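Visitor:
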Amino acid sequence: MKNRITYILVAAAIVIAVVFLILTATAQESQFFITVGELGALSAEEQRQPLVVSGAVDGASIVYDETIPQITFTIVDIPSDLKVIEQRGGLAVVLEEAVQDPQAQRLQVVYSGVKPDLLKGSAQAILKGQLGQDGRFYSDDLLLKCPSRYAEDIPEQVED
């Protein structure tokens, strides 16, 4: 009887541990991305947390140092509302307009790694990383979406 209770308690502890690990892993990986404009609206404490930020790549700002390797570039604020993107003509149009707008909010990005082939002007960048004290975004992970390949696709962003 004593062995049976021990086995039940051990099994219950294992089940609880597995459920806890699944829930915490899911919460960490289900991070939505924010726009450059939304990043500026976050509190200082929120800005120090790991973030996922999206924006349009300003092609003229791309600088690649292959000796490190490190890339610096600027992303430009794009709308997070899918309806606004559709009304303005689709993702490709919105990305191009954002890059051409001198009044749009911008964020300088630093990414350590090999330069991806899709890193070019008006591509949509989704970056995981942290905002540095110098105001630059230090990205650990860089995902790119070329608008010419996916002209009709709209990103799954957080809707207001």
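Under this note's numbering, think of the first position of the sequence shown as 244, with each following residue one higher. Note that the Cβ used here is the ideal one computed from N, Cα and C, for glycine as well. Computed from a predicted model, the values in this text were never measured in an experiment.
Do D301 and G364 come within 9 Å of each other at the CB atom, strictly closer than that value?
Guide: Yes.
Visitor: Using 8 Å as the threshold, is the stretch 352 to 361 in touch with the stretch 321 to 332, meaning 3 or more CB pairs across them?
Guide: Verdict: no, contact absent.
Visitor: Give the secondary structure of V357 by DSSP, where H, G and I count as helix, E and B as strand, and everything else as coil.
Guide: Reduced to three states, the DSSP call for V357 is coil.
Visitor: Report yes or no: do the stretch 333 to 341 and the stretch 253 to 260 share at least 3 C-beta pairs separated by less than 8 Å?
Guide: Judged by Cβ distances under 8 Å, the stretch 333 to 341 makes no contact with the stretch 253 to 260, as fewer than three pairs qualify.
Visitor: Span of the beta strand (DSSP E) holding I321?
Guide: That residue, I321, is in no beta strand (DSSP E); it is neither H nor E in DSSP.
Visitor: Can you list, in chain order, the residues of its chain with a C-beta nearer than 8 Å to that of G280? Leave out the 5 residues immediately preceding and following it.
Guide: These residues qualify, in order along the chain: D320 and Q348.
Visitor: Pick out whichever of L385, K245 and Q373 has its Cα sitting closest to the Cα of L361.
Guide: Taking only the C-alpha atoms, the option nearest L361 is L385.
Visitor: Give the secondary structure of G298 by DSSP, where H, G and I count as helix, E and B as strand, and everything else as coil.
Guide: The answer is strand: DSSP assigns G298 an E or B state.
Visitor: Answer with buried or exposed for L266, where buried requires no fewer than 16 other C-beta atoms within 10 angstroms of its C-beta.
Guide: Classification of L266: exposed, given that the 10 Å Cβ count is below 16.
Visitor: Using a beta-carbon distance below 9 Å, is D384 in contact with chain C?
Guide: Looking at the structure shown, chain C is missing, and only one protein chain is on hand.
Visitor: Distance, Cα to Cα, K371 vs N246?
Guide: Spanning the two alpha carbons is a distance of roughly 48 Å.
Visitor: Considering Cα atoms alone, identify which of A254, V353 and P345 is closest to P312.
Guide: Considering only alpha carbons, the answer is V353.
Visitor: Which class does Q348 belong to by DSSP, given the choice of helix, strand or coil?
Guide: Coil, per DSSP.
Visitor: Whole angstroms are fine: how far does the CA of E289 sit from the CA of R331?
Guide: C-alpha separation (whole angstroms): 31 Å.
Visitor: I need the boundaries of the alpha helix (DSSP H) containing Q290, first residue and last residue.
Guide: A287 to Q290 is the span of the alpha helix (DSSP H), which, as asked, contains Q290.
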